[in-house]
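What follows is a short report on a single structure.
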Amino acid sequence: MTASSAVVLAAGEGKRLRPLTRHRPKPMLPAATRPILEHVLDALVEAGVRQIHLVVGYRGNCVRDHFGSEHRGVGINYVEQDKQLGSGHALFAARDEVDDVFLVVEGDKIIDSKTVSAVRDAFARADSTAAVGVVERDTIGEHDAVLLDGTRVRKIAESPDNEHRLLNSGVYAVDERIFEAIEATPTVAGEVSLTDTLSRLTDADVEIHGVRTDGLWVNATHPWKLLDLNRELLVRKQMSNPQSGAHRDERVWVADTARVHDSAVLQPPVVVGSDCDVRPGAVVGPFVSLGQHTIVGSNAVVQHSVLDSDTRVGANATLVDCVTGQGVRLGAGCTIPGGPTAVQANGSIYEDQQLGALLADRVHVGGNASFEPGTLVGSGVRINAGVSVSGTVEERATVVN
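This note's numbering numbers the first residue of the sequence shown as 56 and each following residue consecutively.
In structure tokens form, the structure reads like this:
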């Protein structure tokens, strides 16, 4: 039997992406000019999925308000995970919504329809309890490694060594037996993980099929990794909304409603969202995504950056390796130089990261302020004109001379 429905797990906050997830869940963070989750749902629709069950929890209204009752003609049914107690617990919340065979997809990692189709089709052919999409990367990093014996999964766990290159894509095909397995999975630190459930099944010699694919797979584990995600999407040309937008050339995407002054320069690859305004003499790109309603002031320079919706960049400002949340205001002459640098976040230090600064939602910065590489600024911060900022600035703080 071939799966025609999918459960999408989109209930988590994404704590490692704070402060960007202070007001919305990780799946709603920007991937180029659209939320990560929108790319995920595109992949499901393009793979032929006809019903989407969307599990929401943390800031779930952000998801509901954005998508409504359907996506590209495919109905969306919302399932509430009241407490965020792990991916297995989130899937179990959808138990009464699915029948027989279905797909499970993590809503905070960008995939493509090729991976979804490969996992679904392999499960339909194989005599196994589940199928898991497996992708190869140069390094596993903080992701779960998959150990294969031919096409059979032997283990899903943290990377056993630095040489391992196969990781779990977060795309699964399963049947109703998965719910009994979840019920039997012990909690760890108060959570039930779907990968723990699958690992227990492999330990019990239950067959799980590993499906190797070279399809698109991108995950942002920390706020500055949104820059890597953006670069990957721009390189792979995955930005365009299938329902709107226009192209200037093959590596410059400008929405129909955007305004780009004749003297402005767009250095590819770059994407300019709807109702943006790029003013005279501005230089935008390469590797820049401007969210809707963003303004780049005259003679400003923006490179290697992701500016979320309603960002305002003042005249003569310079932004390199910058990530902004929604509603950010940067005054004239502000300077954000690029990395690499050490970034201190969540009690850890991350060496050699490419980050100029991260400004969360509704940060307002006065003119001629400057930022040291690796600066993290929480939501609602006010920074006075001419101030030099470094390190971490907690939300709603005011920074003065």
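Idealized CB from N, CA, C, for every residue including glycine.
Looking only at DSSP bridge pairs, what is R384 linked to? According to DSSP, R384 bridges with R367, H419.
How do the stretch 94 to 113 and the stretch 304 to 311 stand: do at least 3 beta-carbon pairs fall below 8 Å, yes or no? The count of Cβ pairs closer than 8 Å, one atom from the stretch 94 to 113 and one from the stretch 304 to 311, stays below three, leaving the stretches out of contact.
Could you tell me whether the stretch 178 to 194 touches the stretch 124 to 136, where touching means 3 or more Cβ pairs closer than 8 Å? With a cut-off of 8 Å on Cβ pairs, the stretch 178 to 194 is not in contact with the stretch 124 to 136, counting fewer than three such pairs.
Is DSSP giving N161 helix, strand or coil here? This sequence places Glu at residue 161; Asn is not what is there. E161 carries a strand assignment under DSSP once its states are collapsed to helix, strand and coil.
Please report the distance separating the alpha-carbon of I263 from that of V156. Linking I263 to V156 through their CA atoms gives a straight-line distance of about 14 Å.
Since A355 is in the beta strand (DSSP E), which residue starts that stretch and which ends it? DSSP places A355 outside any beta strand (DSSP E), giving it a letter other than H or E.
Distance, G112 Cα to A149 Cα: Computed Cα separation, rounded: 12 Å.
Figure out for me which residue from F342, D204, R334, V320 has the closest Cα to the Cα of L289. Comparing C-alpha distances from L289 to each of F342, D204, R334, V320 shows the shortest one belongs to F342.
Tell me the DSSP secondary structure of L271 in three-state form. Three-state result, L271: coil.
What does A61 pair with, by DSSP beta-bridge criteria? A61 is bridged to I107, L158.
For G336 and Q322, believed in contact at Cβ under 8 Å, the rounded distance: Rounded, the Cβ-Cβ distance is 14 Å, inconsistent with contact.
What does the alpha-carbon distance come out to for the pair S248 and R77? Each residue's alpha carbon lies about 23 Å from the other.
Going by DSSP, which residues form a beta bridge with R89? According to DSSP, R89 bridges with A86.
Determine, using beta carbons only, whether K169 and G270 come nearer to each other than 8 Å. Taking 8 Å as the Cβ cut-off, K169 and G270 qualify as a contacting pair.
Residue burial classification, P297 (beta-carbon count within 10 angstroms, cutoff 16): Confidence at P297 is low in this model, with a pLDDT of 40, below 50, so the placement of that residue should be treated as unreliable; the coordinate-derived value is given next. Counting every other CB atom within 10 Å of its CB across the protein chains shown gives P297 a total below 16, marking it as exposed.
For V418 and N354, I'd like the C-alpha separation in whole angstroms. Cα to Cα, V418 sits roughly 22 Å from N354.
Among the residues of its own chain, which have a CB less than 7 Å from the CB of A177, if the five just before and after it don't count? So the list reads A186, H264, V266, once near-sequence residues are dropped.
Cα-Cα, which of T57, A319, S318, H348 is closest to D311? Considering only alpha carbons, the answer is H348.
Which stretch, first to last residue, makes up the alpha helix (DSSP H) that contains T373? Run containing T373: none in the alpha helix (DSSP H); it sits in the beta strand (DSSP E), 373 to 375.
Please return the same chain residues whose Cβ sits closer than 6 Å to the Cβ of T250, not counting the five positions on each side in sequence. Around T250: D199, I211.
Is the Cβ of E235 closer than 8 Å to any Cβ of chain B? Absent here is chain B; the protein component of the structure consists of one chain.
Am I right that G352 and V368 are in contact with their C-beta atoms under 8 Å? What's the rounded C-beta distance? With a Cβ gap of about 6 Å, G352 and V368 count as contacting.
State the beta-bridge partners of G130 as determined by DSSP. DSSP, once it has assigned bridges, lists Q106, E125 as partnering G130.
Let me make sure I understand the geometry here. Which of T206, S360, H359, A370 has the alpha-carbon closest to that of V333? For the residues T206, S360, H359, A370, the minimum Cα distance to V333 belongs to A370.
Let me know the secondary structure DSSP gives D230 once reduced to three states. Here D230 sits in strand by DSSP.
Are L92 and W279 close, meaning C-beta to C-beta below 8 Å? Result no, Cβ atoms of L92 and W279 do not sit closer than 8 Å.
Please report the Cβ distance between A424 and I404, rounded to the nearest whole angstrom; I am assuming they are in contact, meaning their Cβ atoms lie under 8 Å. Contact between A424 and I404 fails: their C-beta atoms lie close to 25 Å from each other, not under 8 Å.
In the DSSP assignment, what residue or residues form a beta bridge with N456? DSSP output for N456 lists no bridge partner at all.
Use the C-beta contact count for P85: other C-beta atoms within 10 angstroms, 16 or more gives buried, fewer gives exposed. Looking at its Cβ environment, which holds 16 or more other Cβ atoms inside 10 Å, P85 is buried.
Reference R384, options D317, L413, P395, closest by Cα: Nearest C-alpha to R384: L413.
Let me confirm a value: V327 is counted as buried when at least 16 other C-beta atoms fall within 10 Å, else exposed. Which label applies? Buried.
When DSSP labels each residue in this structure, what does S344 get in the three-state scheme? Of the three classes helix, strand and coil, the one that applies to S344 here is strand, per DSSP.
Roughly how many angstroms separate the alpha carbons of T447 and T257, rounded to a whole number? So the alpha carbons of these two residues sit roughly 43 Å apart.
According to DSSP, is V247 helix, strand or coil? Shown here, V247 sits in coil according to DSSP, grouped into three states, outside any helix or strand.
Taking all protein chains shown into account, decide if K70 is buried (16 or more other Cβ within 10 angstroms of its Cβ) or exposed. K70 should be labelled exposed.
Let me confirm a value: V361 is counted as buried when at least 16 other C-beta atoms fall within 10 Å, else exposed. Which label applies? It counts as buried.
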